[in-house]
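Per my numbering: the sequence shown = residues 49 to 344.
Note that beta-carbon positions come from the ideal geometry of N, C-alpha and C, so glycine has one too.
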Amino acid sequence: MSASILDGKFLSQKIRASISADVLDWVEKGNRTPKLQVILVGENPASETYVGAKTKACKDVGIESDTLILPDTVSEYELKGVISEFNKDQNTDGILIQLPIPDHIRKLSIIEAIDHRKDVDGFHPMNIGRLTVGQPSFRPCTPAGILEMLNYYSIPTKGKHAVVVGASNIVGSPVAVMLSRENNSGKATTTICHKFTKDLTKHTIDADLLIVATGQPGLITGQMVKEGVVVIDVGITRVADHTTERGYRLAGDCDFDTVAEKASWITPVPGGVGPMTVAMLMKNTLLAAKNSIYTD
Ligand code: GUN
């Protein structure tokens with residue numbers, strides 16, 4: 049078998065065009081232009097690139113955005129003060145703190161400081177909790193983008209074995225919850241693997257759907273998957289490559305060529321999950337502006 053491509057770039061453009069029309073409609077009805085406030089702490093080249101992509105997407109779909117850049121010496125107390133101001137600001141609909149943040153700041157404490165009604169990343173315990181019990185919530189962008197892709201390409205998940213490698217709060221844990229519960233692209237039997245998993249191949253080889261989110265380039269090889277598997281590669285790591293102009297290339301968690309030989313579907317890196325994450329952020333920001341999640 050040779051895999052077909054799950055084209056996140058194409059699908060994200062389609063979704064962005066539809067969000068763009070929705071934003072225009074919202075504003076034409078006399079509402080304020082939705083606004084996303086991004087906070088970037090310190091100088092991390094990858095984070096700067098991601099934030100650049102997010103603010104460009106805002107501009108493209110008609111959402112206003114502002115990026116506050118803070119030095120990596122900022123204290124947790126100061127950062128919470130900044131968040132508190134944005135929580136109160138009537139013109140700010142969504143607040144996004146680009147991760148990672150420096151180690152001296154307690155990440156979970158910062159996420160909890162964001163008003164959950166403005167938590168467009170869907171990381172606040174209120175949103176994760178509601179997601180887990182099936183209440184309306186902001187859905188974390190990368191997992192939401194993955195389910196959107198599976199749904200669009202009509203990939204069956206009900207009763208299938210979904211294996212998630214990586215148990216992070218950003219991707220692995222919430223995607224496992226969503227795949228096991230949700231009606232669209234859910235209802236799968238789900239296994240979560242992580243760095244303590246013994247004999248990873250024992251699990252990956254049994255996957256009908258394999259989601260890999262570890263940040264370890266090439267972790268999954270063709271020998272570790274079965275024929276016909278659907279593979280979602282969330283990894284996007286900068287690997288030194290002096291043959292390229294910028295000095296690096298982007299590598300996923302899968303050894304693409306050997307995995308694609310056996311898979312039925314696979315996401316490319318780049319152009320797979322990444323653009324879907326950004327599209328879902330736009331969707332969440334518009335939902336935040338409409339204040340339409342917390343209706344019950
Ligand atoms: N860092 C890596 N992925 C993400 C994400 O989805 N949101 C934020 N805020 N930071 C990230």
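- Burial state of D120 is exposed, judged by a 10 Å Cβ sphere holding fewer than 16 other Cβ atoms.
- According to DSSP, V317 shares a beta bridge with no other residue.
- The beta carbon of L72 lies closer than 7 Å to those of G110 in the same chain, with the five residues before and after it left out.
- Under the DSSP definition of a beta bridge, D281 partners with V260.
- Residue environment: D289 is assigned as exposed (fewer than 16 neighbouring CB atoms within 10 Å of its CB, all protein chains considered).
- Rounded to the nearest angstrom, the Cβ distance from V278 to I268 is 13 Å, too far for a contact under 8 Å.
- V219 is positioned such that its CB atom lies no closer than 7 Å to that of I240.
- As computed with DSSP, D114 is found in a beta bridge with Q85.
- Residue state for Y296 is assigned as strand, using DSSP reduced to three classes.
- About 19 Å separates the beta carbons of T262 and D305, which is beyond the 8 Å limit, so they are not a contact pair.
- L116 and I159 do not touch by the CB rule: their CB atoms are close to 16 Å apart, not below 8 Å.
- Looking only at A327, F186 and N79, the smallest Cα-Cα distance to T343 is reached by F186.
- Of all alpha-carbon atoms in E293, T315, R294 and G295, the one lying nearest the alpha-carbon of D303 is that of T315.
- The three-state secondary structure of R64, taken from DSSP, is helix.
- For A101, same chain residues with a beta-carbon under 6 Å away, outside a window of 5 residues either side, are V326 in chain order.
- In its chain, beyond the 5 residues on either side, G182 have a beta carbon closer than 7 Å to the beta carbon of R229.
- Runs of the alpha helix (DSSP H) lying entirely within the stretch 116-204 and spanning at least 4 residues, in chain order: 124-136, 155-161, 173-181 and 189-200.
- If you compare the alpha carbons of V223, V282 and G129 with that of F171, the shortest gap goes to V223.
- The alpha-carbon separation between I194 and S312 amounts to approximately 16 Å.
- For H251, the three-state secondary structure derived from DSSP is helix.
- With a beta-carbon spacing of about 4 Å, P323 and S60 fall inside the 8 Å limit used to define contacts.
- Relative to the ligand GUN, C189 has its C-beta within less than 6 Å of a heavy atom.
- Sixteen is the threshold: since fewer than 16 other Cβ atoms of the shown chains lie within 10 Å of the Cβ of E293, the residue is exposed.
- Non-local C-beta neighbours of L198 in its own chain, meaning closer than 7 Å and more than five positions away in sequence, comprise T205 and S233, ordered along the chain.
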